[in-house]
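I have placed the structure first, in the form of structure tokens, so that the comments after it can refer back to it.
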Amino acid sequence: MNGSSDIGGPASKGPTAAESGATLPPPIVGWMSTLGDPTRARILRAAERHELTVAEPCRILQSPQSTVSRHLKILSEDGWLTARPEGTSRLYRMVGEDVEPAALRLWGLVREQTASTPAGGHDDQRLEHVIEERRARSQEFFSSTAGQWDRMREDLFGTRFDLEALAALLAGDWVVGDLGCGTGQMAAAVAPFVGRVIAVESSLEMIDAARVRLAVHDNVVIRSGNLESLPIDDGALDAATMSLVLHHVAEPARALAEAARVLKPGARLLLIDMYPHERSEYRDQMGHVWLGFEPDRIATWLD
14 MNGSSDIGGP ASKGPTAAES GATLPPPIVG WMSTLGDPTR ARILRAAERH
64 ELTVAEPCRI LQSPQSTVSR HLKILSEDGW LTARPEGTSR LYRMVGEDVE
114 PAALRLWGLV REQTASTPAG GHDDQRLEHV IEERRARSQE FFSSTAGQWD
164 RMREDLFGTR FDLEALAALL AGDWVVGDLG CGTGQMAAAV APFVGRVIAV
214 ESSLEMIDAA RVRLAVHDNV VIRSGNLESL PIDDGALDAA TMSLVLHHVA
264 EPARALAEAA RVLKPGARLL LIDMYPHERS EYRDQMGHVW LGFEPDRIAT
314 WLD
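Numbering (this note's numbering), first residue to last: 14 to 316.
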């Protein structure tokens, strides 16, 4: 024998899938493999509703980080999750807009079945606790710093930009919303040029400071409320401002949806916020929930 063989062996080449008549499995097989794991389905349910750190699904599912990280990796590699850096950590969310329609239909069935389980109900409760804790951290910060807030904000961002040039863009009979008014700087600047200002703030201590500043303006109304559930009627505003506040909000996408709800058709929102950064110390120093935003991300929420 010369050592060669027509049968098997690492060096031999078998028929290709096309030559043998075999076909590749349809995409649904891969989708079912990914979504068929209960832990992955539960993680995806949470990430569809909120952008989450690695630690947050651990709390929601009551699972160790090693388990959650492994499933996050699979969901990301299979195209169900996307992640973006946030300081030294990463934030995960479901890639709903780029998933094939057939895959989304399958996910709808899996989501419905997962939600109906006892584990799904417990996940919902713990997810709400996670979001409420985000709000609570921000509220605690503002409650303790309201008296120094203007100075702290100026130290961080510099003196506020001059709004007088914007007066020409405002109509004298407009109703303008200052959403997340803080101590009332923006409302005070806008009030002389418009018919009415509705200032919304969630921190009672900030509201007290705003009342002092805005007492000289009889066309300003201050309302207690959060940006994710504005105490303003649909289509009530001709314009609105949201100045350096979105990074303090637990659910920024929901806050922007609320801003759209209270604006009249064709009205404008002046949104001022920070680009992504790595100054994680701002969470403690300035009560930031988010370390800035990519403009494309903001645009997606506004769409």
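Each residue gets a CB set at the ideal place from its N, CA and C atoms; glycine is no exception. Here the structure is a predicted model, which means the values were calculated and not measured.
Can you round the beta-carbon distance between residue i and residue j to whole angstroms, since I take them to be within the 8 Å contact cut?
i      : j      : result
Gly238 : Leu276 : Contact flag wrong, Cβ pair sits at about 16 Å.
Val213 : Val203 : Incorrect: roughly 14 Å between the Cβ atoms, too far for contact.
Arg148 : Ala263 : 5 Å
Val67  : Ser46  : Val67 to Ser46, Cβ: 23 Å. No contact.
Trp12  : Leu119 : The structure shown does not extend to residue 12, since the chain is modelled only from 14 through 316, so no value can be given for it.
Ala280 : Leu243 : Not quite, the Cβ-Cβ distance comes to about 14 Å (not below 8 Å), so this is no contact.
Val207 : Leu182 : In fact, because the Cβ distance is near 11 Å, the residues do not count as touching under 8 Å.
Along the chain, where does the alpha helix (DSSP H) that runs through residue i open and close?
i      : result
Ile311 : 308 to 315
Leu85  : 78 to 90
Ile56  : 51 to 62
Leu117 : 114 to 128
Ala68  : 68 to 74
Gly193 : No alpha helix (DSSP H) contains Gly193, which DSSP labels as neither H nor E.
Pro265 : 265 to 275
Pro40  : 40 to 48
So the candidates are the options; which of them puts its Cα closest to the Cα of residue i?
i      : options                        : result
Leu65  : Trp303, Trp314, Asp309         : Trp303
Arg150 : Gly305, Leu119, Arg296         : Arg296
Asp191 : Arg236, Gly134, Ala184         : Arg236
Asp286 : Pro265, Ser76, Pro278, Glu294  : Pro265
His260 : Glu61, His290, Leu243          : His290
Leu122 : Val258, Ala252, Pro51          : Pro51
Tyr288 : Ala263, Pro278, Val258, Asp316 : Val258
Thr196 : Arg267, Leu217, Thr47          : Leu217
Leu48  : Asp186, Gln75, His84           : His84
Asn232 : Asp111, Ile56, Gly300, Gly185  : Gly185
Ala132 : Ile73, Leu240, Leu183          : Ile73
Leu282 : Asp111, Thr313, Ser256         : Ser256
Ser76  : Trp44, Arg97, His135           : His135
Ile220 : Gln198, Phe206, Leu182, Pro205 : Gln198
Glu145 : Glu241, Thr95, Ala60, Cys194   : Glu241
Pro205 : Cys194, Ser215, Val189         : Val189
Ala116 : Ala252, Pro39, Lys86, Ala223   : Pro39
Arg53  : Leu284, Gly193, Ile87          : Ile87
Arg292 : Leu243, Ala280, Gly305         : Gly305
Thr254 : Pro114, Val112, Ala222, Ala200 : Ala200
Pro308 : Glu294, Leu284, Leu243, Pro114 : Leu284
Pro114 : Val234, Arg310, Ile311, Ile41  : Ile41
Thr313 : His301, Gly208, Val108         : Val108
Glu61  : Pro278, Val112, Gln78, Ala268  : Val112
Ala58  : Gly193, Arg106, Thr95, Gln78   : Position check: residue 58 holds Arg in this sequence, whereas Ala was assumed. When only C-alpha atoms are compared, the closest one is Arg106.
Pro278 : Ala268, His301, Gly193, Ala252 : Ala252
Examine the ligand MN and report whether any of its heavy atoms sits within less than 7 Å of the Cβ of residue i.
i     : result
Ile41 : This structure lacks the ligand MN; in fact it carries no ligand of any kind.
Which residues mark the beginning and the end of the beta strand (DSSP E) in which residue i is found?
i      : result
Arg106 : 102 to 107
Leu259 : Looking at the DSSP string, Leu259 is not in any beta strand (DSSP E), and its letter there is neither H nor E.
Pro98  : 94 to 99
(request) Give a yes or no on contact between the stretch 124 to 140 and the stretch 87 to 97, applying the rule of three or more CB pairs nearer than 8 Å. (result) The stretch 124 to 140, when compared against the stretch 87 to 97, does not touch it at the 8 Å Cβ threshold.
(request) State whether the stretch 136 to 144 contacts the stretch 99 to 118, with contact taken as three or more CB pairs (one from each stretch) at a distance under 8 Å. (result) Touching, no, given that fewer than three Cβ pairs across the two stretches are closer than 8 Å.
(message) Taking contact to mean 3 or more Cβ pairs, one atom from each stretch, closer than 8 Å, check whether the stretch 222 to 229 and the stretch 271 to 289 are in contact.
(response) Judged by pairs of C-beta atoms under 8 Å, the stretch 222 to 229 does not touch the stretch 271 to 289, as fewer than three such pairs exist.
(request) Report the residue ranges of all beta strand (DSSP E) runs contained in full by the stretch 213 to 255; include only those spanning at least 3 residues, in chain order. (result) Uninterrupted beta strand (DSSP E) stretches at least 3 residues long and entirely within the stretch 213 to 255 occur at 233 to 237, given in chain order.
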